[in-house]
Each structure stands twice: as C-alpha cells, then as structure tokens.
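Here's the structure we're looking at; comments come further down.
Chains as they are written, first to last, in our numbering: chain A, 20 to 347; chain B, 20 to 347; chain C, 20 to 347; chain D, 20 to 347; chain E, 20 to 347; chain F, 20 to 347.
Rendered as structure tokens:
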C-alpha cells in the first residue's frame, strides 16, 4: 500500500513507499564518482531521486516504467525537494494499486456504468438498441470503458473520465431531445454512448495517460467507426441507410474539419450532439482550470485548452463589498 | 381584411385586396406609351403589377411603403404571374392588419410573454430579479418585445421570433443550470432574458424586416449594453462587481470576436450561454431550411446561414427499404 | 444511334435524335394556352424544347431522367436556340448509348485497366499485393472502376476519368519511388491504386455526374476505408500494424484537415503521395481550363477549381515576335 | 529618496535604498536552515535578495507589493547579481517617489496636458466641444489621464504614455483633416481625445502596469463607451444621431473584429482615425524596439508586438562604405 | 467631337455621335433574318445597338475596339434603351478624343506634374534626388505617368488617377516626416514618388482600363523594381546599401504577403509608407462609393473594394432633427 | 587538423584541437576572482570552456568568430561536460579546414556540379540554354554554388545542400516532363537550375549558416530575379515574352503569397515546379527528422519545419510481430 505521495513530502522526512520509474540514468559527479539517478512519480506528481552508494544491484533490477519500492530521505537541492535513496527494488504486482499512480474520477464507476446501461436500455428503436447493447456487452470494451480517461490533457484527463463524460452527455441528450421535439431521441442517445469509444484504443492509460501509435495514426473517430460499423454489420438486417446515418453521426461529431471531422454535421441530431459534446468538454476544462491551485486571486491560470483564463466568480463578487453577498 | 395572398393567386383570377407597395415607377412601353408599374407584396411574397389606363390619380396618391387597396386581374407574362390593375388607392390604417404583411410566429405571443415573466420571477438573486423585472416593465420594451423578429434572415426571422427564441433559451437555461450544479442559475436566466433586447432597436419591422441606421452603426450588443447598464444604475445599491459581470455576459454572448463580441466569454455562465444561444439559433435555421419547399428529395436547399444543406432524415431512412420503417 | 449533338445544332435544322430529359413541365402561354416544356441534353450541352400541339400523350409517356427520341426543328428564341418538337417518345434501352450523354475519357479504357493490373502485379510485398488484387478482383468494383469519373467538377470529370487519374498516379509513384530510395515503393503503389475507390460509391454517374446521398454523408475517404479494411480483414494473417499503415495512407491522402483528411500525413509515403495526387488533380484541372473554348487570347477563363486563370503559353510566346518562335 | 537602481548595481557594492517587493518567501537551505527570500524591483529591473540571519521581524513586517528600505551588499550567485540583506523595513509613504518604480515619459506632462486642452478648445462644433471639455473637466479623469500608460507591453508602456500618445494623435488628426477636406475635423479631434480614456480604468498602474479585473472583463472600448455616453446624456439637447456617430467612432477604432471592435469603421472619420491610431502605436513600438539595448548590429531584437525585427537604418547605411555617408 | 453620352440618351432621340465598339456579332432573328449587333460604349456607360438593313459593309469595316461614328435612334426594348442604327463607319483618329471614352481625374494634370517635380526637387539626399529625377526624366515614363489610372477598380480608377494618388501621398509624406522626427524624409518622399510606377506597364489604359499580360504575370511591384534598380545601377557610385533599402521600400509597400509584398516592412519608413498608401487608397475608394448614385438614403452601396457600406454622414445627422444642424 | 569533435569528448580526456569561438567573456567567481569564459564549437556541437589562470594574453589574442587552438581537459560541471583550458591561441588560416566547423553534404560536390552542367547542356531551347550556361559560367556564382546550404534550418541545412537540392530537382523535372507531355521540359529545367541562386547571397555560410542583412531585406526570390534578369538582358535578342515567362517562374515558385511569392503560379510549368520544389524540401526535412537521434521508439521528434512528428515505419512494422517481417 502506498503511504506517502509526492505532493505531501516534507523536508528531512524518512519514507518507505512505492513509485513509478519515469526515467533512469547512471551519471557522474563533478569529481567523476558515478551514481544512480531516477525520476519517480505517482498520481500527485514527480520527484528526482539519487542513490550514491551500492546502487549497482538496484540499477540492474529496475527499468523505466517499473513500479519500485524505495526507502529514502527527503532533502532540498537547489530549492527543490529530492530523494536520497537508501534501498530500491522492483515492486511485486500485488503490492501496487494502479489507482495510486494515475488520477481518477471522484464518481463511483460502478454507478456510472449502471446509469450508462440504463440509458442504453431506454432506446426505443430496436436496431439502435441492439447496436448499443452489443457494443457495451463486449467484455473487452466494458473493462476499458470503466478505466479510460477522456483525453490526455484537454478535459476529463483522469481514469474513469471518459465514462463520466459519456454519462453526463446521455443526461444532456435526454433533456435536449425533450426540449426540441423534432429531434430523434434514440439517435442522440446512440451517438452520446458511442461517440468516443475509439478513445479506448487511441489512448493508453496503464501507467500514465498517453497516445498509442495506432491512435496517433488513425485517431479515435476512425477507430470507433470501424468498431461500430462491424457491430452494425453483425446485426442481421440492420438497415443500410440507418448505418450510414450512424456513421455520419460518429465522423461529424467534432463539428469542424480542423478538429478531425472529415464531414460537417448535416443531420440535425449530429449538429446538436456536436454542441453538447463541445460544451461538456469545455465545462470540464473550466472546472479543472478553476479547481487548480495556480492562478491569481480573481482569475484561474491561463488554460491552453481554452485559450484564456476564467474568472473566479465568487471571489470577484465578494471583493465588491457587503451588498454583493446577496448575489448568490 | 386581406382575402387573397400572393402565393395563392391563380391565372385569370379577379381580386380585390390589400398589398404593401415595395416599388413604384412610371415607365414607357416600347412605342412610348407611359404606364404605372408597382411591385406589390404581402407576407407570402411579391408580384409585379401594371396599370395601363388612367393611372395618374393613383400614381399621385400612393408611394413606396404605403399599403394600398387594389382591384386587379391575374395574368401570366413571361411565365410569371402579374397583376393588371383596374383600381388602386391608399388603404386606411384601420383597413390593414400588419400581420398580413410580415410572417409571424405560430406560437401564441400572449402565452410566450406570460412564460417569460414567470421565468423572470423565478430568479432568486434580488438584484438580478429587480433588474430583469425593471427592464420588462418598461412599456416601450414590452410592446416591441412582443413583435420583434430575432433576425432579418438567419433565424427566427418573423414577428414574435425574438420572444420565441428567448423563451426557448430560458427553458434551456433552467435545464442546463440543473445539470451543471456549479452554474449560477440566476445569472444564466438573466442573460437569457436580456441578451438580445438590443434587437428591439437594431432591427426595424414595421412593414418589412430590416436594420435601422443606428443598428448598423452600433449593433444590438452595444445597444442593449446601454439599456441594461442604465437599468442597473437606476437600482440603488446595485453591486458594482455584479454590474461588471452582467455587462460581460452581454458583450461576450456571441462567443467570438468575428461575430462582434469585443470580449471572449471568461465567466463559466457566459461560456455556457454562448453555446445555448448559438445552438438554438442554428436549430431554428435548420428548421427553416428543412421546412422550406425548395431542396431535393433527400436534402434541404443549401442554407447560407448554415453553410451547408441538411439531410431530410425521414425521407432518407424510408428510401432504404421496409426494415427502416422501424427506425423511428 | 445519336446523330446530332446540342453543340452542333444550327438554325432551322430539322433533326431526329435522342436526348436525356433534364426537366419536364406543362406551362401556359400568356393567353392561357398550355404547352409542354422540356429541357433536353446530351454530353455536349442542354437545350430548351417546346411542344405546342397534341403533346398530351407525350407528356404522359416521358418523365425526367428518361431518354427520349424526338423529331424537331431548331429555332432561335430570345437569341438562344430552342427546339420546336413535332414528335417525342421514350427511347428503348437498346437504342441508347450512354456514352452519348456523358463526356468520357479519350483513352482506351481496356488498355488503362490492363496497365492498372500490371501495376498491381508489380507489388513485391505479398500482403499488399494480395490486398490490391483482391479489391480489383471484386467484379462490382471492376465494372464501376472502368466507368467512374474522378470528380463532379474539379478534375477528370468524365467517364473513365478516375481510372485515367489512378493509372497516371501509378506511373508517377513508380518514378518517384525510384528517385527517393528511402520510400517503400509497394506502399506508394498500393495507395495510388486504392486511394479513390470510395468514389465508385460517392459519385453517381449513370445519366449525369453527381453525388449519392451516402456519398455526401460519408465521403469517399470514409467509404473506401471501410471497403479496404474489410479486404484486409479477409486476408488471414494480415499484419495488424501494416493494416494501420494502409488505413493511415488512405485517410491522410487529402493532406489537410480542411479537405476532409482526419489525420495529416505522418508517414513518408503518405506525404509524398499527397503531393502526387494533388499535383495530378491540378494538372488535369489546368488541362481542362486551357482546353475549354472560353477565355481570352492569352489566358484561359478563370477556373474556380484552381482559383485563378492560366496563361496560354504558346500564344503568349508567339505574340512576342519572330525570335520567340524558337522557344519551343 | 532612491539612490541606487537595479540596473546600476556592481559587485560588492554596499547599498541603502528603497525597493518594491515583488515576491516574498521563507525557504530552507539544503541542510535545512531557513532564510528569507525576496524579489525586489524598481523601474529599472528586478533582483533576488536573501536574508540569512535574524530575518523573523522583517518577514513579519513586509508583504508583497510593499515598498521597503534595505541595507545590503551586492554579490554574484550563479553568474547573476544578488542582494545579501542586512536590514529590511517597510518604507513610509512619504519616503517613496512612485516615479522611481515605474518607467515614465520623457515629455513634460504639464505641457502635454496644456496642449490637449488647447486641442479640445479648438473644436468648432458646440456639442462636441462641450462633450470633450466636460470629460476632461472631471477631476478623477484629469488626475488619471496625466499618469496612465497607453498599454502594458505593446506601446507607450510607461507612466504618461497615454497622454503622449493622445496628444500625438491630436496633432496627426489636425494635419490629416487639413489634407482631406472631406473629413469633419471636429469628429476626428473628438475621437482622438476620447478614444482611449477607458484605459484609465482598464489598466492599473499604481505600483506596476497591469490590468484590473473589470478591465479584463470589459476592455477599454466598452468602459469608455459608458463614460462618454453618460457625458453625452448629461448635455441637454445633445443630438441623438450625433451621439450614435460618436459611439460608433469609439467602438470601431480598433478597426477589426479580432482586435475587439464590435463594428468595423463605417464612417469616413472612423476609418481614418483607425489608421492614425494604429500607425502611431506601431511607430512607438518600433521606437521601443530600436531603442532597446538588445538586438544585433544591424537589427533590433525580435518584437512580439510587431511580429518582426526592424533594421537599424543608420548602422546599415554606414556599413556600406564612405559614399553612403552622404545618404543622410 | 462627341455630342451625346450613353447616360444622357432619351427615348426616341435621334443621335449622330462616336462610340467605342465593345462587342460585335452577326445574329439571326427568330425567323432567320440576320442582323448586326454591337455593344457600344463611352466613358459614361454602354448600350446595345442593332442594324437591321444593309449592314454588310459596316460589318466588314468595323471591329471590336474600334471607334465608330453612328447615326441612330434610341428605342426601348425590354425596358432598356437600345440603338437602332442607320449608319456606322470607323472613326478617323483625329475625330476622337480619348477622354470621352475613359473617365479621368478632375484635377489639372499639368499642375499635378509640376507639383510632383517640386516634391522630387525637395529631396536633400543627392543619391535619392538623382534617382528620382532620372526616373521622371525618362520621356516614356513621363508621358504614361500623366495618363495612367491607379487601378482598374479599387481606387483612383480613372485617367490621371495614379498621378493624383502619388502627389497626394507626397503631401502626406512631407507632413508625417515632420511629425515623426525620427523618419528619413527623403526616403519617404522617394518611395512615395516611385512606389507605383510599375503600374504604367501593369495596366493598359488606351481604350479601357485593364491589365497587360506581363502585368498579370509579374505585377507592378516586380515591374517597378526592375525599372528603379536599373536606374540606380546607372548612377555611378550609388551606395549598394542604399540600393537595398530602396528596393526593400518598393517590395514591402503592400505591407502584407497576401497583397503581393514578398517582404514585410522592416524599415521604419517602409512601415509608415504602407500606412499612408493604404489609407489614401481606401479614402479614394470611400470617396467613390459615397459619390456614386447608387445606395440608400443614409448609406452608400456596398463597396466590394472596402468590404462594407459607408454612412452618408451629413444625411444621417440632418435626419436627426433641427438641433443636429449645428453639428457641422 | 582537427582531431577531436565536441560530440565525442569523454570525461577527463585531455585534448589538443581547434574550435570556433561563439562567445567570449570575462567573468568573476562568487568570491570575486576573474576568469575567461568561452563558448567553443565545431560542426558537431558546442561546449563551455573556462580558463582560470594566466588567461590575460589569450583573452587579448582571441575574439568571437575566431578559430582557436586549445589544450584542455574535459570535466563535468552540473552534469554537463566543460573544458578546463590550459592554452588558447588564435589558429592560422592554413591550420583550419572549414569543413570541420560546418556540417556538409555526404555527396561528392564535384560530381553534383558535373551533373548540373549536364542538365544545363541538355536544354534544347537556345535562349534558355544560353541563359543557364551564362549564369553558371560566372565564376563568383560557381564557387558559391558548390558551398551554399539550401536553408538555415528548414531543409538541406548544410554546406553543399543547395547543390544537392537543385540536382535532385533537375532529375525530378526531367522525369515529370516526360510524364506530362504537355509540359515544356526546357522551362522546367531552367527554373529547377535557377530557382534558388538568390540563396547564394541571401545566406551567409562562412563560419555558421545565417542570413545576410540584404538577404533579410530582400529575400532570395528578389535577389535571383535581379541576377537572372540581368543575364537575360545581356543576351542580345532574348525574346521579351520569354523573359517575362522566366521571371514569372522565379517569382511564383514558392506557390503562395504567405511564403513570399508575389504572384501565384499562372503557367503550367510554374505550378508543377512549385509542387516538386515543395515536395523535395519536405522530403529532406523528414529525412533530417527521422535521421536525428532524438524522438521516441516509433516516432521522430516533433519537427517545427513540418509541424508534426513522423512515424519510424520500419520500427512500427517490426513491432507488430513476425508476420510483419515480410512487409518490406
């Protein structure tokens, strides 16, 4: 069990805990003495570590991307904390809980998954219902869907983030379909559930969130298009025009060419879904920006994902004097 | 009372009814005989009209933008219907119902207005509630709000269209504020109600929908900024920071510089409202494109407002064979 | 057999020949007499036609998109030629040669197809060779490949144009792979052969060149991606990484997001192929612009596909005086 | 009185002078000894400072944004100068001259102000003259106008810079109105004087130049629009169309949407003023770039405000040999 | 001498006057009778003309781009005036005044030229003065400079327009160099005089304003670069660095790549000159837009050159009521 | 002769070799002791060097941009190698081989030059052949052509790189002219040979690759335009229209305004050449990116010149399992 996290270390503290090895190197001091240098991390951050004596066995035992157990002391070097290592060994799989090494959603994944299945079962159109349930019934998909983040950086960038994003969109889709009666609620729900399942393979998130090589070559839109198309082909009698509609909904959901959609939304449901998806992603990005500890008194730090900073509304209203207290 | 509309005229029909004069001219035939040429219109379209004999009195009596009563016969000239006028005189104000000359919403304006007031009264923040009610209580605003279109061409381009758009947005705002708990529901409702009231003066819509000169010089964002700022100044003790927030919500609601917003949304509620407003406008534009009689079997005509055509989903699904019948 | 073409008709000529019906309408003359109005066409252009007497049977017999046999006289109306019809009847399928109604390549399609197969057989990599030959062996594909145009307007917009374009690209691919030794000649040849086969379904070209509804919703990149992916899946043991590479080559071949490529070329062969494809398309567009009869003495007409006019080089050099004769 | 400036410090110098505290921190040395770290600055730059002993009282006494009096010695650490502090205390307001901490114009502010009033008094149109004089007569505005910079970074980024910029523009406006007789000289002068007064509140410049929160939410165009509109409303009988014209001149003066103008210039005077304002800003930015000590022999450093470097013309002409001496 | 102009013709008027032949054609009437159709024009517009009888000799005698003398009667056909020709013959050169066929400046060309020489002589730098005077002394240049328009459509699109534009810029250059003391007045004057002399060859303006083939291939920037470079090479000892500076001023004066400048202004004088040139061109375009007879009561017609309409300021201010009278 | 290169130095190695001085400075240690600090470099990289004792004579003797001979020992300081200098003196010209200090092509420059002349002699058109041979016969051009790089950073950024690029393009031009029979092979060859000769003066590459001041003011397109135009003027009877064509080919070869072409390609050969030049430059940039030692397992490092990373195709195919071995 992991007991200390990078963000909590204090000077001169002695620790015994687990980390992921991000970098490993043998270096020389100025006077030529070799030492082992590691960059270690967990879900809260990364830290430099050095082992000065008897590091040869450790250096052989551990590699980049290994989980390790260390005994060390926290020191300050050039104004930054650093670990001085006494012992390092590779961790056994059963000693490590991956959740300690990657940030994850604060929601209950089991409940989210149950909600998703409920939304899937609420679809009336038999073809679409069959399609969505078939995709979600694939065990490989289900396992990954409960873990995948929604992005590396932009929004919902934590384990379970994709599921949180998708369930949120299902809720929005249901409300909006009720608001605009001309919309086909089933199509909207279908695309809400399936629109990002390509991310299960586009991203890798075993030890850190990144992109797979195939993910970079193809992108999640193309990847999920293949998965969903095969699922439709596997349903006997699936109407070909409905297949083309579903395919269009998937490939157009980024809304613009420059975001990788090879077609603009040309179906009403595709247009609406693009708005909902974009809004929910941006709302999550704002939430992350305002929740971060950086930034100024009344402003978040600049968010590259959003191209601007956001106002800390409560702080600004309060700083305006007592009368403003009533404003919320 | 208007009995015949341009779109319903049939060849050789004799009519006695009212029109708006769009153009007026004296012309000569090829052999030099003068005649009166008018372009007449109502909410359903326009038609050419010619008066060959004894037109001098009529020509003096009527001007462009007058309503006129005519007796005429429908003829075909170069494959287009044309009116051959027997009598023309200026109409009395009490003879004319403006609604016959401008397209208008199919919704009940009285009900829409009641809904709007209900939304306004649901605001909890006392300052914002006072503000919104004060603006709506201005009789000049109320009268125009019940008539104004939301645009000349782009969306809700008919009398009452603005109110329809605003009430729709209030409904969306309420739902979305419930979905994202971090949003300030009162701010969202306030901007939904006030964001387009500058259009009451930016557009003119007495006889046809167009732009006023001031509207072209300033735009509705700047115009409503002045109106709403004065209303806030008139409320004693209105918190100055809250005033800046409301002003920011108004000026940023177009979401991008190139659409005339001098600031990008930098408050969460501003960002969300921009998505809702944009989506509702586009949905109305799609509705208009798909509702029009032009277009192909499976496609709407190209919509300049949307930069594309839209699929007639039902037609396309039906053309795919019997199995597709179940898809809706 | 078709004997007269629209572009060759001369005043007062009497003709008996076949046309395609583009539009059909019953209209009234100014004095109320009904007549039949058709717009007729062949591969050289379109012409208005009117039938004044005893047209009822003909009007029942023929519809839009029918081929018809007509007897008529050429007249001038408002400075444009027009047909005055004496007889009209639907043509029998065996009377009509489609090639008379759509422009087609001047090359020999059989020879082009043989060249294509030769290029396909020259591929060394066994997986890619199997893939390409399997796709070309599909009879549905082969039949359409010999007929399809490469585009509606932009380039090679005539029957057989796609095959002409593809065979040209195979030749370029071979030369360029020899020039840059670091390129994988087989990958380049594979993408040259397969990169546009989605156009077989994106376009319709039975009677006129246009887009299918599915073509508009998905585009040829997405359509051929599905075809080629299935073909790879059908080859037992096809290496999955090679599959991802082929998929990337297909989806990136437009080179830029705004032209519908969801990924930029990130493989050397993808980058080079994009240049070749773009250059060959533009060269064909220039050829069409300079070959057209419009334009000025030393300039082609403005080409929308190219965004400019092109110089008639020979004419310009010759107009410079006798010394310039030697320049070519 | 401030005696030493950051840019003039030399190694081992002992100083007693005033600074502004930019940052304050307690840190630990590698062996755990705490010390006080400050970042101190004046109008010429910033410098690191450390206090190793008996710093507890000082650390309590001073905060970020305080002015402090220090006794210190200049040392070199990692090739950069650093202060070793002996004494630090908060400065009394009367000890500090703000001008030592912010760069300011080299012009005489009193003379500039007198020139501005002269320009204002030269306006012929009685409404515009009344408007401009009323705004300038507001004591809050006058005080700030004599101090405000024109920008944080881009141009005239120093105290008094705004006044310098505005008076320069008044001079240009007068000349250009004489050159183009069709221009209304009074409108041009009015917008020259009023076009940036929103910057008095958009920027803060008490201790360093930055943006206020309201400034970021609204921008100076919107802020001055409210100030000037109120001033017009306060003049009885101010012609409403003239008001709309003045408002248009203010909101369009950035010339393009992407620079925050919600309307493009649609009045001749608005177009011309945009050119003058843009040119004067860019000229000031070039002056700053060429005046800076960075850059190469014949080139200024790259200017982000201008998107390029500028040639040092004299240096380049001189390096071309003796004949070039005559070129200036 | 030309007595009647197209814009002044009235129905049934008999005229004997000169025109330029824009188009010439032999056509057939509906019943097969051939006739001669000409499109004739002068500086005020164009008109259709038909000759029904004995036109064979005329048809042989005249060609496109000839000046002709005609006897004709004005008739109305399809609501547009048309000439019915009785006689047509080619005009003798001495009968025609080109100024009747192309619009020209209202300024006195002789005076403008004298002013230009005065500006040239005011240059202090001996190299630049020698350069400018040498260019203007070339008789081929002087003759064309007094005739050339500044553009085909965008601004100063009339004979003498270039000279008017250049002399205006010299005046501006002088004032601005006095305003910004850091500017080299001689460089600014030099580029003002020489910056558009490539237009003497880029445009053709013998009978109508258009582009030469070389003009389209190279553009005036490249053309004047060659002319001015040769003139500098011809001055013994011309400093090479000064030559590079002059060349840079010429090639950068459009200010942006997309307007055909291969380099952005990187010299202060180049930047300022770009502003002046752009402003003067746009002012002329606004002048033309407001001076045209098209447009609405308070607005000019939409100007493609400016991308917008412009306000008729006086009309708008007057429509605001009596108090507004004082505003000018 | 240079014996050690920066990239090969190992700790504690004692070296005696030559370097280029990039920077020179006298600094003080923390305790006030002065020392000489140099930044030294060769074609493989740069390294810091310090001389602690008796450096005064050396400091006087050597300057920035000098070649020096040093005796030194390699040490590690802050994890980076550094030279501790024992002796430093200026090198004699004959001791230094410039090729040790700038990267250069791996091809044989003599052979490349011979190939270039062969291509030049293959031109059939007598005017173009005369032109190309005249330019290449200029000894100043020939000497520089054999040395110049093709760019500072983007592609072929090494000595001889320009010649390598040009000869490669000549080969492509020959093949493409054979492929597209409508192309004028001589024009294509002419522009291939001449299109970048302005780079001989735009770049400086005596000690490091950079831009000349004239190069920055004018760019190579404008510079070569002057050179080639003069060469054409020097050939008696050179046809003026052919001159304009050659000039157009030169100025349009960047293909787009934003890359510094003042005209878009409007001649077929210009369009094709732009594609070839762009493709060859990008291929060289990809080659450099994939050849560099940076990057990940399956990806090159991000290339700023290309705006993306590129796949290491072989590595990716191999990582896909044994079956993939056959793919190449």
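Even glycine gets a Cβ: it sits at the ideal position worked out from N, Cα and C.
Can you check which of these residues, the options, is closest to residue i by C-alpha distance?
i	options	result
residue 212 (chain D)	D:136, D:52, D:276, D:250	D:136
residue 26 (chain D)	D:57, D:113, D:172, D:122	D:122
residue 264 (chain D)	D:288, D:246, D:256	D:288
residue 206 (chain D)	D:141, D:165, D:174	D:141
residue 305 (chain C)	F:237, F:309, F:285	F:285
residue 323 (chain A)	A:173, A:46, A:271	A:173
Using a Cβ cut-off of 7 Å, pull out every chain C residue sitting near residue i, in sequence order please.
i	result
residue 277 (chain B)	The premise fails here: residue 277 (chain B) is roughly 17 Å from chain C at the closest Cβ pair, so nothing lies under 7 Å.
CB-CB under 6 Å to residue i, same chain, minus the five flanking residues each way: which ones, in chain order?
i	result
residue 85 (chain B)	40, 109
residue 268 (chain E)	210, 289
Give the interface partners of residue i over in chain C, defined as CB-CB distance under 8 Å, in chain order.
i	result
residue 248 (chain A)	245
residue 317 (chain B)	232
Tell me whether residue i is buried or exposed, calling it buried when 16 or more other Cβ atoms sit within 10 Å of its Cβ.
i	result
residue 197 (chain A)	exposed
residue 96 (chain D)	exposed
residue 6 (chain A)	Given a span of 20 to 347 for chain A in the structure shown, any question on residue 6 (chain A) remains unanswerable.
residue 79 (chain E)	exposed
Could you tell me which chain F residues have their CB closer than 9 Å to the CB of residue i, listed as they occur along the chain?
i	result
residue 327 (chain C)	283, 284, 285
Given that residue i touches chain F, what residues does it touch there, using C-beta distances under 8 Å?
i	result
residue 102 (chain D)	By Cβ distance, chain F contributes nothing, its closest Cβ being about 14 Å from residue 102 (chain D), past 8 Å.
residue 266 (chain E)	236, 237, 241
Against residue i, what residues of chain B qualify as contacts under a CB-to-CB distance less than 9 Å, listed in chain order?
i	result
residue 263 (chain D)	232, 233, 236, 237
Whose C-beta lies closer than 8 Å to the C-beta of residue i among residues of the same chain, with five residues either side of it excluded?
i	result
residue 346 (chain E)	With a pLDDT of 43 at residue 346 (chain E), under the threshold of 50, the modelled position of this residue cannot be trusted; read the value that follows with caution. Cβ within range, chain order: 336.
So which residues on chain D does residue i lean against when the C-beta distance must stay under 7 Å?
i	result
residue 199 (chain E)	302
To which residues of the same chain is residue i closer than 7 Å at the C-beta, ignoring the five residues directly before and after it?
i	result
residue 162 (chain A)	none
residue 226 (chain F)	39, 84, 120
Mind pulling the chain E residues with CB within less than 9 Å of residue i?
i	result
residue 330 (chain C)	232, 235, 236
In chain D, which residues lie less than 9 Å from residue i when you measure between Cβ atoms?
i	result
residue 194 (chain E)	191, 194, 195, 197, 198
Mind listing the chain C neighbours of residue i? Cutoff is C-beta to C-beta under 9 Å, in chain order.
i	result
residue 87 (chain F)	Chain C residues near residue 87 (chain F): none, gap ~39 Å exceeds 9 Å.
Name, going along the chain, the residues of the region 219 to 239 of chain D whose beta-carbon falls closer than 8 Å to a beta-carbon of chain A. 232, 235, 236
Members of the region 280 to 292 of chain C that neighbour chain F once the beta carbon cut-off is set at 7 Å: 283, 285, 286, 287, 290, 291
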